[in-house]
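*Asks:* Below are the structure tokens for one structure; questions will follow.
Residue numbers (my numbering), protein chains in the order written: chain A, 3 to 170; chain B, 3 to 170; chain C, 3 to 170.
What follows is the structure in structure tokens.
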């Protein structure tokens, strides 16, 4: 089924500095390139400030409009006072997927030990999957790479087809 | 001590289709066989619909009656609209055991990557341990197998004997 | 930067028996020795009973006074009726660091499978990091050892410098 399904993705970059134009966001384009090469259609990329209600609202609307079956956020997963992406995400997901967050951390930490400090969250809202990745271009792509192959099945499950752990 | 203790287990299969008799449950028997071969006494197997209050209530009663020191649920750990076993479990456990859920996911994912999508929860209520496993017969047994050896010690701890991390 | 920063740590041993003087605490000294050898300045060691409000209050005050940039608790991470350290910690941390707890469990479980039963929590409050480790001297030191190298960067992030996943 994943062969036929349309893989649509929205990218949400959370960064005060990029939002204010103090530097050019390179993470959104890096994620878009990576996803495009793997057959995903990037329907939009937005840059938002590190503001919890703002991030929650963008995530909620993107899912509820049916704009994309995957929403990838980049940035705000650390411990800084303005790092609020996991909290904003947790507010809108209906079902968390702790295994995806565990996998991103454990696989990335094998190469970059500091990845263990990421507070990234993953989960589903309606028929969309939301995934937090770190803010650096390399960290974002490496993190996404560890779980991307699992996302089409997660989207199918969220739409009510198939079950985790069931053999086809 | 685990050599002497009576290992009792209740199996709770959450499945709308099996509950309505639309297909015969094969997961309960597969778990019962597996547990029996490892010295566990299966005190009951029940099939319930994928309904959160229903599942919570069965789990709560089974623990509070002292019917079994381990309660294994099968099914409802995925992302489908009716998959609510983790939520039902979280409602009744007093202390979560995140390490058992992490272990089930990481060990099973080594063989079946989609196991990373399981939202299974483990925890204690009173002197009983509750453990979610996936709904397929093979997935349920493989998942249980990764943590079963740890359960007798968890039961001893829940009963007030011994401490995690203390050397005997 | 970590080369220059002052690494201060407070040790909080949660143990009814040690608090009542029924046995001599050996875990605090074992942790102090280990941390001292790795360049950390132990500013205080306190022994508290396994009481949730008591533990929360000590953790809160230690962080809010700026007494230490790391607070390590030992004990109370199991399933016993009096094991409440994770709950006490969760009450005071502002941001959890699930990856540190996952790492402690998975690395320690490779040697001592029962480490998977630990309910240890890690997180940040203000500019301090709080870390739960088990109560036995060996378990406490082994657990701390798996994550200690990550703590200086976590402290820097909590103070508003740098971001997880960003390359320097």
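Glycine included, every Cβ here is placed at the ideal spot set by N, Cα and C.
Could you name the residues of chain B that residue 59 of chain C contacts, counting a contact when the two beta carbons are closer than 8 Å?
*Replies:* In the third chain, counting from the first residue as 1, residue 59 of chain C sits at position 57. Per Cβ cutoff of 8 Å: no residues; residue 59 of chain C is ~21 Å from chain B at best.
*Asks:* Could you confirm whether any beta carbon from chain B is found closer than 8 Å to the beta carbon of residue 83 of chain C?
*Replies:* Against the third chain, residue 83 of chain C aligns to sequence position 81. Yes, contact with chain B.
*Asks:* Return helix, strand or coil for residue 9 of chain B, following the three-state DSSP convention.
*Replies:* For this step, residue 9 of chain B is matched to residue 7 along the second chain. Looking at residue 9 of chain B - three-state DSSP - the assignment turns out to be coil, as it is neither helix nor strand.
*Asks:* Determine the chain A residues that contact residue 104 of chain B at a beta-carbon separation under 7 Å, and present them in chain order.
*Replies:* Residue mapping note: residue 104 of chain B aligns to position 102 of the second chain, counting from 1. 104, listed in chain order.
*Asks:* For a minimum of 3 consecutive residues, which ranges assigned as the beta strand (DSSP E) are wholly contained in the stretch 58 to 92 of chain C?
*Replies:* As far as the stretch 58 to 92 of chain C is concerned, its whole beta strand (DSSP E) runs of at least 3 residues are 72 to 76.
*Asks:* Quick test of your reading: residue 88 of chain B and residue 123 of chain B, contact by CB under 8 Å. State the CB separation rounded to the nearest angstrom.
*Replies:* Numbered from its first residue, the second chain carries residue 88 of chain B at position 86. Numbered from its first residue, the second chain carries residue 123 of chain B at position 121. Indeed they touch by this definition, with Cβ atoms about 5 Å apart.
*Asks:* Between the alpha carbons of residue 119 of chain C and residue 80 of chain C, how many angstroms are there, rounded?
*Replies:* By one-based count along the third chain, residue 119 of chain C stands at place 117. By one-based count along the third chain, residue 80 of chain C stands at place 78. Whole-angstrom Cα-Cα distance: 7 Å.
*Asks:* Which residues in the same chain as residue 149 of chain C place their Cβ atom closer than 8 Å to its Cβ, once the five residues preceding and following it in sequence are excluded?
*Replies:* Here the question's residue 149 of chain C lines up with position 147 in the third chain. These residues qualify, in order along the chain: 102, 105, 106, 124 and 133.
*Asks:* Using the C-alpha atoms, what's the distance from residue 76 of chain A back to residue 30 of chain A?
*Replies:* The residue you call residue 30 of chain A lines up with position 28 of the first chain. The residue you call residue 76 of chain A lines up with position 74 of the first chain. So the two alpha carbons sit approximately 8 Å from each other.
*Asks:* Helix, strand or coil: which one does DSSP assign to residue 149 of chain B?
*Replies:* For the purposes of this step, residue 149 of chain B is taken as residue 147 along the second chain, with counting starting at 1. Residue state, collapsed to three classes: helix.
*Asks:* 8 Å is my cut-off, CB to CB: does residue 162 of chain A come that close to chain B?
*Replies:* For the purposes of this step, residue 162 of chain A is taken as residue 160 along the first chain, with counting starting at 1. Chain B contact via Cβ: present.
*Asks:* How would you label residue 159 of chain C, buried or exposed, when you count the other beta carbons within 10 angstroms and need 16 or more for buried?
*Replies:* For the purposes of this step, residue 159 of chain C is taken as the residue at position 157 of the third chain. Buried, because 16 or more other Cβ atoms sit within 10 Å of the Cβ of residue 159 of chain C.
*Asks:* Apart from the five residues on each side of it in sequence, which residues of its chain come closer than 6 Å, Cβ to Cβ, to residue 109 of chain B?
*Replies:* For the purposes of this step, residue 109 of chain B is taken as the residue at position 107 of the second chain. Cβ within range, chain order: 148.
*Asks:* Once you ignore the five residues that flank residue 70 of chain B on each side, which residues in its own chain have a CB closer than 7 Å to its CB?
*Replies:* Taking the second chain and counting its residues from 1, one reaches residue 70 of chain B at position 68. Closer than 7 Å at Cβ, skipping near neighbours: 10, 11, 12, 45, 64 and 130.
*Asks:* Under 8 Å Cβ to Cβ from residue 99 of chain B, same chain only, skipping five residues before and after it: list those, please.
*Replies:* Here residue 99 of chain B refers to the residue found at position 97 of the second chain. Cβ neighbours of residue 99 of chain B beyond the five flanking positions: 124, 125, 126, 131 and 156.
*Asks:* Here's the rule I'm using: 16 or more other beta-carbon atoms within 10 Å means buried, otherwise exposed. How should residue 4 of chain A be labelled?
*Replies:* To locate residue 4 of chain A, count along the first chain from 1; it is residue 2. With a pLDDT of 46 at residue 4 of chain A, under the threshold of 50, the modelled position of this residue cannot be trusted, and the question is left open.
*Asks:* Anything in chain A within Cβ reach of residue 30 of chain B, meaning under 9 Å, just list it in chain order.
*Replies:* Walking along the second chain from the start, residue 30 of chain B turns up at place 28. Result: empty, since nearest Cβ-Cβ is about 15 Å, beyond 9 Å.
*Asks:* Take residue 93 of chain A as the anchor and find which of A:58, A:66, A:39 and A:14 has the nearest alpha-carbon.
*Replies:* Residue numbering aside, residue 93 of chain A sits at position 91 when the first chain is read from its first letter. Taking only the C-alpha atoms, the option nearest residue 93 of chain A is A:58.
*Asks:* Starting from residue 133 of chain C, follow the beta strand (DSSP E) in both directions and report where the run begins and ends.
*Replies:* Against the third chain, residue 133 of chain C aligns to sequence position 131. Counting along the chain, the beta strand (DSSP E) containing residue 133 of chain C begins and ends at 130 to 135.
*Asks:* Give the straight-line distance between the Cα atoms of residue 7 of chain C and residue 91 of chain A, rounded to the nearest whole angstrom.
*Replies:* Position 5 of the third chain, counted from the first residue, corresponds to residue 7 of chain C. Position 89 of the first chain, counted from the first residue, corresponds to residue 91 of chain A. Spanning the two alpha carbons is a distance of roughly 33 Å.
*Asks:* Just to confirm my understanding: we take residue 19 of chain B, look at its own chain, exclude 5 residues before and 5 after, and list those with CB closer than 6 Å. What are they?
*Replies:* Start at 1 with the first residue of the second chain, and residue 19 of chain B comes out as number 17. Once the five neighbours on either side are set aside, the close Cβ partners of residue 19 of chain B are 25.
*Asks:* Just the chain A side, please: which residues come within less than 9 Å of residue 101 of chain C by C-beta, in chain order?
*Replies:* Locating residue 101 of chain C in the third chain gives position 99, counting from the first residue. 103, 104, 107, 108, 111, 117, 118, 119, 120, 121 and 122, listed in chain order.
*Asks:* Tell me which residues share the same chain as residue 153 of chain B and place their Cβ nearer than 7 Å to its Cβ, disregarding the 5 neighbours each side in the sequence.
*Replies:* Looking up residue 153 of chain B in the second chain gives position 151. Only 72 and 131 meet the Cβ criterion.
*Asks:* Could you tell me the alpha carbon to alpha carbon distance between residue 111 of chain B and residue 136 of chain B, rounded to whole angstroms?
*Replies:* Counting from 1 along the second chain, the entry for residue 111 of chain B is found at position 109. Counting from 1 along the second chain, the entry for residue 136 of chain B is found at position 134. Near 13 Å, if we compare the C-alpha coordinates of residue 136 of chain B and residue 111 of chain B.
*Asks:* Taking only the alpha-carbon atoms, compute the straight-line gap between residue 86 of chain C and residue 83 of chain A and give it to the nearest angstrom.
*Replies:* Position 84 of the third chain, counting from 1, holds the residue named residue 86 of chain C. Position 81 of the first chain, counting from 1, holds the residue named residue 83 of chain A. Between residue 86 of chain C and residue 83 of chain A, the C-alpha separation is close to 28 Å.
*Asks:* Is the shortest distance between the beta-carbon of residue 98 of chain A and the beta-carbons of chain B less than 8 Å?
*Replies:* Within the first chain, numbered from 1, the residue matching residue 98 of chain A stands at position 96. True, the Cβ-Cβ gap to chain B drops below 8 Å.
*Asks:* So the candidates are A:52, A:43 and A:36; which of them puts its Cα closest to the Cα of residue 17 of chain A?
*Replies:* If you number the first chain from 1, residue 17 of chain A lands on position 15. The residue with the shortest Cα to Cα distance from residue 17 of chain A is A:52.
*Asks:* Report the neighbours of residue 128 of chain A on chain C: residues whose CB is nearer than 8 Å to its CB, in chain order.
*Replies:* Taking the first residue of the first chain as position 1, residue 128 of chain A is located at position 126. Near residue 128 of chain A there are no residues of chain C at all, since even the closest Cβ is about 25 Å away, more than 8 Å.
*Asks:* Classify residue 97 of chain B as buried or exposed, calling it buried when 16 or more other Cβ atoms lie within 10 Å of its own Cβ.
*Replies:* Translated into positions along the second chain, residue 97 of chain B becomes position 95. Result: buried.
*Asks:* Name the one or two DSSP bridge partners that residue 97 of chain A has.
*Replies:* Taking the first chain and counting its residues from 1, the one referred to as residue 97 of chain A is at position 95. Answer is A:126.
*Asks:* Classify residue 139 of chain C: buried if its beta carbon has 16 or more other beta carbons within 10 angstroms, exposed otherwise.
*Replies:* Position 137 of the third chain, counted from the start, is the residue given in the question as residue 139 of chain C. Counting Cβ neighbours within 10 Å, residue 139 of chain C comes out buried, since at least 16 surround it.
*Asks:* How many Å lie between residue 146 of chain A and residue 117 of chain B at the Cα?
*Replies:* Locating residue 146 of chain A in the first chain gives position 144, counting from the first residue. Locating residue 117 of chain B in the second chain gives position 115, counting from the first residue. Approximately 17 Å, taken between the alpha carbons.
*Asks:* Assign residue 166 of chain C to one of three DSSP states: helix, strand, or coil.
*Replies:* As a working note, residue 166 of chain C is residue 164 in the third chain. Note that residue 166 of chain C scores 47 on pLDDT, short of 50, meaning its location in the model is unreliable and no value can be drawn from it.
*Asks:* Anything in chain B within Cβ reach of residue 152 of chain A, meaning under 7 Å, just list it in chain order.
*Replies:* Your numbering for residue 152 of chain A matches position 150 in the first chain. Simply 115, 116, 118 and 119.
*Asks:* For a quick check, are the C-beta atoms of residue 61 of chain A and residue 14 of chain A less than 8 Å apart?
*Replies:* Here residue 61 of chain A corresponds to residue number 59 of the first chain, with the count starting at 1. Here residue 14 of chain A corresponds to residue number 12 of the first chain, with the count starting at 1. Their beta carbons are under 8 Å apart, which means residue 61 of chain A touches residue 14 of chain A by this criterion.
*Asks:* From this set, C:163, C:121, C:27 and C:36, which residue's C-alpha is nearest residue 143 of chain C's C-alpha?
*Replies:* The residue you call residue 143 of chain C lines up with position 141 of the third chain. When only C-alpha atoms are compared, the closest one is C:36.
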